[in-house]
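Okay, structure first, notes after.
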Amino acid sequence: MSRIAYVNGRYLPVRQAQIAIEDRGFQFADGVYEVFPVYAGHIVNHAWHLQRLSQSLAALRIDWPLPPAVLTLILKDMLRRNRIIDGGMLYLQITRGVSPRNHAFPVPGVRPTLVVTARPVDMAARHAQAEIGVRVISVPENRWTRRDIKSVSLLANILAKQGAAERGAAEALFVNDRGILTEGASSTFWMITREGVLTTHPLGHDILPGVTRRAILAMAPELGLQTDEREFSLAETLQAREAFLTSATNFVMPVIQIDAQIIGNGKPGAISLALRKSYIERIE
Ligand code: PDD
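The opening position of the sequence shown corresponds to residue 65 in my numbering, with each subsequent residue numbered one higher.
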């Protein structure tokens, strides 16, 4: 069965789906995206992803191509057409539309481009990885200063991730010029302090407001865990009791090594694994 893509009102086999070469997404990375996780056949934290999409669009002054309720119908249709019945992800991208190349916005009336793709995710492989944990590296923070916008302009993230891959690591953590660890190239970073406090960088322009982050913060008190949203350094992280990453499709992924430093006893931490289990129970 060929995968089906949605492009500006049409459902097409992925290989036939196309956008114009003068699309501003292609010319300038002038667009935003969302990754909606799918678990047990359902879109996870759907309303929160739409809310973040709304914020990204507003920040860049791109119009909704369709009302959010209609987008939701398309997302559900895409699950059905691509037969995603268990784990998967929906990728949604909106650009400022097609117009002759010119940096300033096109004349009013140019319609934003909307693309949606869907694909299954091997959840069993992710669960198996979580039992082992992942190794990560640190890299200098060199992104622009509006990381809260989920923009498709991801060059710094791509280079960081490639650097990690070349060193056999799963993720790159950005560390700014004050030594503060902000987040991963495609994930939110968390540490659990020696005192057992679940700690992550505060919201603002420096990080993407992770939807999984939001869910974990809401869930933690019910598990009797104290949380703290504050800045912390890479140096402090290396002394942490546990560390983990969160993202739409990885949920909670334990970190067992950062650069040359083993975290905890080099195995996924008990609290990290408990959070993962609890998160999955909730989304089921
Ligand atoms: N990335 N920070 C960055 C820079 C990210 O790209 C992501 C997600 C996150 C975690 O956000 P959430 O919990 O909402 O997935 C944090 C997605 C999955 C991606 O780019 O594929």
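In this text, a Cβ means the ideal position worked out from N, Cα and C, and glycines have one as well.
For residue 99, the distance from the CB to the nearest heavy atom of ligand 1 is below 7 Å. Considering only 263, 252, 177, the residue with the shortest C-alpha distance to residue 311 is 252. Under the 8 Å Cβ criterion, the stretch 255 to 270 counts as touching the stretch 301 to 318, having at least three qualifying pairs. Not one heavy atom of ligand 1 is found less than 7 Å from the C-beta of residue 237. Residues 244, 245, 255, 263, 265 of the same chain have their beta carbon placed closer than 8 Å to that of residue 296, with the five preceding and five following residues left out of the count. By the neighbour-count definition (other C-beta atoms within 10 Å, threshold 16), residue 113 is a buried residue. Residue 102: member of the beta strand (DSSP E) spanning 95 to 103, first to last residue.
DSSP lists 100, 182 as the bridge partner or partners of residue 154. Relative to residue 153, the option among 143, 159, 160 whose CA is nearest is 143. Judged by DSSP in its simplified three-state form, residue 276 adopts helix. For residue 217, there is no enclosing beta strand (DSSP E), as DSSP gives it neither H nor E.
The stretch 96 to 114 and the stretch 310 to 324 touch, with no fewer than 3 CB-CB distances between them shorter than 8 Å. For residue 308, there is no enclosing alpha helix (DSSP H); the residue is part of the beta strand (DSSP E) that begins and ends at 306 to 311. Residue 87 is bridged by DSSP to 162. Beyond the five residues adjoining it in sequence on each side, residue 221 comes within less than 6 Å, by CB distance, of 249 in the same chain, given in chain order. Out of 224, 229, 293, 190, the CA that lies nearest to the CA of residue 237 is found in 224. Contact between residue 177 and residue 83 holds, with the beta-carbon distance rounding to 6 Å and staying under 8 Å.
Under the three-state reduction of DSSP output, residue 202 falls in the strand class.
By the Cβ test, the stretch 89 to 97 is in contact with the stretch 111 to 130, since at least three Cβ pairs between them sit closer than 8 Å. Beta-bridge pairing by DSSP links residue 209 to no other residue. Per the Cβ contact rule, the stretch 145 to 160 is in contact with the stretch 66 to 81 (3 or more Cβ pairs under 8 Å). In this structure residue 193 is not in contact with residue 283, their Cβ atoms being roughly 21 Å apart against a cut-off of 8 Å. Cβ neighbours of residue 214 within its own chain (closer than 7 Å, five residues either side excluded): 96, 97, 98, 116, 120, 272.
DSSP places residue 291 in the uninterrupted beta strand (DSSP E) bounded by 291 to 293.
A Cβ-Cβ separation of about 48 Å leaves residue 319 out of contact with residue 173 under the 8 Å criterion. When secondary structure is reduced to three states using DSSP, residue 149 falls in the coil class, being assigned neither helix nor strand. For residue 267, the three-state secondary structure derived from DSSP is coil. If you check the CB distance, residue 231 and residue 201 come in under 8 Å. Between the alpha carbons of residue 86 and residue 165 lies a gap of roughly 7 Å.
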